[in-house]
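Numbering (this note's numbering), first residue to last: 15 to 164.
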């Protein structure tokens, strides 16, 4: 009896690990990221990223100063993840440019800033400070992406 139970637990654990591996953690943690990526779809990967920066800036403005911030931060979280995923849609030619190297650095900074924002989200002053910093970096990222586009 105990052997069957042990085997069942091992099989269920294996199925869980396999399903997370195949689907990816992103689908569990960022369920709407694909939706935002589809909404932002542009003619190229760079256009998609520019569209996402605009969406993110709109979300930042909507969350800033709000006491009921959780739904807005959840949307922002999914959009930032969509921005991260959109990086794979850039052509090899675009990826070799200096402007794209800058965009990669800025996109990573956006992730770090959002992580700090998430950790300090309950303190409105810190949340708004991080939202301001995030908005500033999004503007810089959009400028770098527009330089790639030409």
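Each residue gets a CB set at the ideal place from its N, CA and C atoms; glycine is no exception.
Asked, Found
"Straight-line gap, residue 161 to residue 67 (C-alpha atoms, nearest Å)", "14 Å"
"Pair within 7 Å by beta-carbon distance, residue 59 and residue 65", "no"
"DSSP three-state assignment for residue 108, whether helix, strand or coil", "helix"
"Coil, strand or helix - residue 142 by DSSP", "helix"
"Residue 99 vs residue 148 beta-carbon contact at 7 Å", "no"
"Alpha-carbon spacing of residue 123 relative to residue 152, whole angstroms", "10 Å"
"The alpha helix (DSSP H) enclosing residue 99, as first and last residue numbers", "84-100"
"Cut-off 7 Å between Cβ atoms - residues of its own chain near residue 103, not counting five sequence neighbours on either side", "59 and 62"
"Three-state secondary structure (DSSP) of residue 161", "helix"
"From 135, 126 and 117, residue whose alpha carbon lies closest to that of residue 154", "117"
"Where residue 26 falls, given that 16 or more other Cβ within 10 Å makes a residue buried", "exposed"
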